[in-house]
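Protein sequence lines correspond, in order, to chains W and F. Position one of the first sequence corresponds to residue 537 (my numbering), numbered consecutively onward. Position one of the second sequence corresponds to residue 301 (my numbering), numbered consecutively onward. In this text, a Cβ means the ideal position worked out from N, Cα and C, and glycines have one as well. Here the structure is a predicted model, which is why all the values come from computation and not from measurement. Read the structure below first, then the notes.
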Amino acid sequence: MQITINGDERQIDDGLTLAQLVSQLKMNPKFIAVERNREVVPRAEHVTCTLEENDQLEIVTLVGGG
Amino acid sequence: MSTATINDKPFNLGTHTLSSRLIVGTGKYSSFDLMQESLEASGSEVITVAVRRERLIDSEGRNLLDYIDLDRYTILPNTAGCFNADDAIRVARLGREILEGLENPGANWVKVEVLGDKRTLLPDPIGTLAATEQLVKDGFQVLCYTTDDPITAKRLKDAGATSVMPAGSPIGSGQGILNPNNIRICLEYLKENDPDYPVIVDAGVGCASDVAMAMELGCDGVLLNTGIAGAKDCVTMAHAMRHACIAGRLSYLSGRIPKKLYATASSPTEGVISASK
Numbered sequence: 537m538q539i540t541i542n543g544d545e546r547q548i549d550d551g552l553t554l555a556q557l558v559s560q561l562k563m564n565p566k567f568i569a570v571e572r573n574r575e576v577v578p579r580a581e582h583v584t585c586t587l588e589e590n591d592q593l594e595i596v597t598l599v600g601g602g
Numbered sequence: 301m302s303t304a305t306i307n308d309k310p311f312n313l314g315t316h317t318l319s320s321r322l323i324v325g326t327g328k329y330s331s332f333d334l335m336q337e338s339l340e341a342s343g344s345e346v347i348t349v350a351v352r353r354e355r356l357i358d359s360e361g362r363n364l365l366d367y368i369d370l371d372r373y374t375i376l377p378n379t380a381g382c383f384n385a386d387d388a389i390r391v392a393r394l395g396r397e398i399l400e401g402l403e404n405p406g407a408n409w410v411k412v413e414v415l416g417d418k419r420t421l422l423p424d425p426i427g428t429l430a431a432t433e434q435l436v437k438d439g440f441q442v443l444c445y446t447t448d449d450p451i452t453a454k455r456l457k458d459a460g461a462t463s464v465m466p467a468g469s470p471i472g473s474g475q476g477i478l479n480p481n482n483i484r485i486c487l488e489y490l491k492e493n494d495p496d497y498p499v500i501v502d503a504g505v506g507c508a509s510d511v512a513m514a515m516e517l518g519c520d521g522v523l524l525n526t527g528i529a530g531a532k533d534c535v536t537m538a539h540a541m542r543h544a545c546i547a548g549r550l551s552y553l554s555g556r557i558p559k560k561l562y563a564t565a566s567s568p569t570e571g572v573i574s575a576s577k
């Protein structure tokens with residue numbers, strides 16, 4: 537199925553959880569936060585959050601800034 | 301003389317008690333190593349960061365967080381790059397989510413920036429006020445980047461801002477404090493019947509004397525990034541900024557002499573040898 541991650545369309549497996557996706561993307565889960573369809577998904581819920589077709593994800597981290 | 305011997309109140313910024321009145325940014329450094337060294341030299345306990353999309357493909361896989369001692373620094377996440385209140389609120393919530401996961405004390409605050417346009421990066425006062433109102437409701441301690449306009453500053457405080465942070469001049473411009481009188485009025489309004497209300501000059505600081513000036517005006521702290529990160533020798537400039545912050549604060553506390561038009565001799569006027577003809 538298709539979802540959008542940080543503005544890019546991506547094909548992912550049906551039934552994938554957010555935690556599984558983060559792992560597939562090789563991101564350090566401690567360093568990121570995820571917004572799904574404009575709502576923050578708390579870290580503790582990543583393992584139970586099953587992604588759905590057309591989900592819009594923003595996956596962010598901290599960078600240098602003033 | 302060590303600062304420990306100076307009779308100064310602790311700097312309370314919301315629920316945070318700080319020994320350094322200088323807050324520094326982590327942006328624009330040419331390397332993480334240089335950033336680390338500069339942060340150390342600045343003596344700051346609070347450092348600002350931005351929230352950005354994680355890159356999906358990263359050749360080096362390095363993250364800012366690999367280079368920051370989270371036990372030492374309190375992170376102040378900003379909402380830089382947001383041009384409306386809704387985006388600033390989303391970014392603030394995302395930043396909090398990361399910092400809660402990292403168990404950093406900075407999870408309970410945010411530096412709100414809602415900008416008006418990309419050319420000036422001047423704050424949008426209406427958007428800033430709207431974001432502040434919502435984030436205060438959400439339980440954030442909101443540190444507001446704003447213009448040096450005293451009325452806007454007052455409105456932000458009334459909306460529940462933990463600190464109002466007027467710009468000395470536009471972000472990264474290095475122009476210093478362009479309108480000290482506005483900062484004076486901001487201080488007067490914000491501290492009326494509330495002398496400990498924290499006011500921080502944020503943005504525009506180019507060199508150490510700008511920091512000292514902000515502190516001598518009676519500001520509680522200074523937040524800067526480019527002044528250090530953009531200097532030819534970042535680490536030495538970080539030392540300079542740290543000293544200037546302390547010097548300015550002590551100068552303010554000491555009570556300066558009034559300015560007078562004519563001279564007053566420092567040396568005795570009596571006992572001078574007879575003048576040559």
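* To do: Would you check if there are 3 or more beta carbon pairs closer than 8 Å linking the stretch 561-573 of chain W to the stretch 318-326 of chain F?
  => The stretch 318-326 of chain F and the stretch 561-573 of chain W do not touch, with fewer than three beta-carbon pairs separated by less than 8 Å.
* **chain W contacts made by the stretch 340-374 of chain F, where a contact means CB separation under 7 Å** => Residues of the stretch 340-374 of chain F whose Cβ lies closer than 7 Å to any Cβ of chain W, in chain order: 348, 349, 350, 351, 352, 353, 354, 356, 363, 364 and 365.
* Asked: Are the stretch 365-378 of chain F and the stretch 395-403 of chain F touching, with three or more C-beta to C-beta distances below 8 Å?
  -> Taking 8 Å as the limit for Cβ pairs, the verdict is that the stretch 395-403 of chain F does touch the stretch 365-378 of chain F.
* Are the stretch 421-441 of chain F and the stretch 380-391 of chain F touching by the rule of at least three beta carbon pairs closer than 8 Å? -> A contact is defined here as three or more CB-CB pairs under 8 Å, and the stretch 421-441 of chain F meets this definition with respect to the stretch 380-391 of chain F.
* Using DSSP bridges, identify the partner residues of residue 446/F. => Position 146 of the second sequence, counted from the start, is the residue given in the question as residue 446/F. Beta-bridge pairing links residue 446/F to 466/F.
* Sort 432/F, 391/F, 439/F and 472/F by Cα distance to residue 419/F and report the nearest one. => Reading the second sequence from its first residue, position 119 is the one you call residue 419/F. Distances from the alpha-carbon of residue 419/F to those of 432/F, 391/F, 439/F and 472/F put 472/F closest.
* Where residue 390/F falls, given that 16 or more other Cβ within 10 Å makes a residue buried -> On the second sequence, position 90 is the one that residue 390/F refers to. By the 10 Å Cβ count, residue 390/F comes out buried.
* Under 7 Å by beta carbon: chain W residues contacting residue 394/F -> Against the second sequence, residue 394/F aligns to sequence position 94. Under the 7 Å cutoff, chain W gives 569, 571, 576 and 596.
* Taking only the alpha-carbon atoms, compute the straight-line gap between residue 485/F and residue 564/F and give it to the nearest angstrom. => Sequence index remark: in the second sequence, residue 485/F carries index 185 (1-based). Sequence index remark: in the second sequence, residue 564/F carries index 264 (1-based). In a straight line, the C-alpha of residue 485/F is about 30 Å away from that of residue 564/F.
* Over what stretch of residues does the beta strand (DSSP E) that includes residue 538/W continue unbroken? -> Indexing the first sequence from 1 puts residue 538/W at position 2. Taken as a continuous stretch (DSSP letters only), the beta strand (DSSP E) holding residue 538/W covers 538-541.
* Asked: Roughly how many whole angstroms lie between the Cα atoms of residue 457/F and residue 601/W?
  -> Indexing the second sequence from 1 puts residue 457/F at position 157. Indexing the first sequence from 1 puts residue 601/W at position 65. Between residue 457/F and residue 601/W, the C-alpha separation is close to 24 Å.
* Asked: In chain order, what residues of the stretch 511-542 of chain F put their CB closer than 9 Å to some CB of chain C?
  -> Of the chains in the structure shown, none is chain C; the protein chains are W and F.
* Asked: Closer than 7 Å, CB to CB, is residue 537/W near chain F or not?
  -> Here residue 537/W refers to the residue found at position 1 of the first sequence. So no, residue 537/W is outside the interface.
* Asked: From residue 518/F to residue 555/W, what does the alpha carbon distance come to, in whole angstroms?
  -> Taking the second sequence and counting its residues from 1, the one referred to as residue 518/F is at position 218. Taking the first sequence and counting its residues from 1, the one referred to as residue 555/W is at position 19. In this model, residue 518/F and residue 555/W are separated by some 49 Å (Cα to Cα).
* Among 525/F, 380/F, 489/F and 555/F, nearest to residue 415/F - alpha-carbon criterion -> Indexing the second sequence from 1 puts residue 415/F at position 115. Selected option, being the one with the closest Cα: 380/F.
* For the stretch 338-347 of chain F and the stretch 529-545 of chain F, state whether three or more C-beta atom pairs, one from each stretch, are separated by less than 8 Å. => Contact between the stretch 338-347 of chain F and the stretch 529-545 of chain F is present, because at least three Cβ pairs lie under 8 Å.
* Asked: Counting along the chain, where does the beta strand (DSSP E) carrying residue 547/W start and finish?
  -> As a first step, residue 547/W is located in the first sequence; it is residue number 11 there, counting from the start. Looking at the DSSP string, the run of the beta strand (DSSP E) that includes residue 547/W is 544-547.
* To do: With DSSP collapsed to three states, give me the class of residue 301/F.
  => Here residue 301/F refers to the residue found at position 1 of the second sequence. The pLDDT assigned to residue 301/F is 48, lower than 50, so where the model puts this residue is not dependable; a value taken from the coordinates is nonetheless given after this. Coil.
* Would you kindly report the start and end of the unbroken alpha helix (DSSP H) that includes residue 332/F? => Residue mapping note: residue 332/F aligns to position 32 of the second sequence, counting from 1. Its alpha helix (DSSP H) spans residues 332-342.
* What in chain W is Cβ-close to residue 484/F, meaning under 7 Å? -> Along the second sequence, one-based indexing puts residue 484/F at 184. Taking the beta carbon of residue 484/F as reference, no residue of chain W falls within 7 Å; the closest one sits roughly 24 Å away.
* **DSSP state of residue 316/F mapped onto helix, strand, coil** => Walking along the second sequence from the start, residue 316/F turns up at place 16. In the structure shown, residue 316/F sits in a strand (DSSP, three-state: E or B).
* Asked: For residue 567/W, which three-state DSSP category applies?
  -> Reading the first sequence from its first residue, position 31 is the one you call residue 567/W. It is helical.
* How should residue 597/W be labelled, buried or exposed, when 16 other C-beta atoms within 10 angstroms of its C-beta is the threshold for buried? -> Taking the first residue of the first sequence as 1, we reach residue 597/W at position 61. Around the beta carbon of residue 597/W, 16 or more other beta carbons lie within 10 angstroms, which makes this residue buried.
* By how many angstroms is the C-alpha of residue 531/F removed from the C-alpha of residue 475/F? -> Numbered from 1 along the second sequence, position 175 holds the residue referred to as residue 475/F. Numbered from 1 along the second sequence, position 231 holds the residue referred to as residue 531/F. Residue 475/F and residue 531/F have their C-alpha atoms spaced approximately 14 Å apart.
* Asked: Under 7 Å between C-beta atoms, does residue 599/W make it to chain F?
  -> As a first step, residue 599/W must be located in the first sequence, where it is residue number 63. Interface flag for residue 599/W against chain F is set, since a Cβ pair is found closer than 7 Å.
* Asked: Nearest to residue 309/F by CA position, among 567/F, 403/F, 559/F and 546/F, is which residue?
  -> As a position in the second sequence, residue 309/F is number 9, starting the count at 1. The residue among 567/F, 403/F, 559/F and 546/F with its C-alpha nearest the C-alpha of residue 309/F is 546/F.
* To do: Output the residue ranges of the alpha helix (DSSP H) runs that lie fully inside the stretch 533-577 of chain F and measure 4 residues or longer, sorted by chain position.
  => The alpha helix (DSSP H) runs of length 4 or more contained entirely in the stretch 533-577 of chain F are, from start to end of the chain, 534-554.
* Out of 562/W, 588/W and 589/W, point me to the one whose CA is closest to residue 361/F's CA. => What you label residue 361/F is simply residue 61 of the second sequence in a count that begins at 1. With distances taken between Cα atoms, residue 361/F lies closest to 562/W.
* Asked: Count the other CB atoms within 10 Å of the CB of residue 354/F; is the residue buried (16 or more) or exposed (fewer)?
  -> Along the second sequence, one-based indexing puts residue 354/F at 54. With 16 or more Cβ atoms within 10 Å of its Cβ, residue 354/F is classed as buried.
* **Opening and closing residue of the alpha helix (DSSP H) in which residue 386/F lies** => The sequence position of residue 386/F within the second sequence is 86, counting from 1. Its alpha helix (DSSP H) spans residues 385-401.
* Just mark residue 498/F as buried or exposed, buried being the case when its beta carbon has 16 or more other beta carbons within 10 Å. => In the second sequence, residue 498/F corresponds to position 198, counting from 1. In the assembly as shown, residue 498/F is a buried residue. Its beta-carbon has 16 or more other beta-carbons within 10 Å.
* Asked: Which ranges would you report for the beta strand (DSSP E) in the stretch 463-509 of chain F if only whole runs of at least 3 residues count?
  -> Within the stretch 463-509 of chain F, the complete beta strand (DSSP E) runs of at least 3 residues are 463-466 and 500-502.
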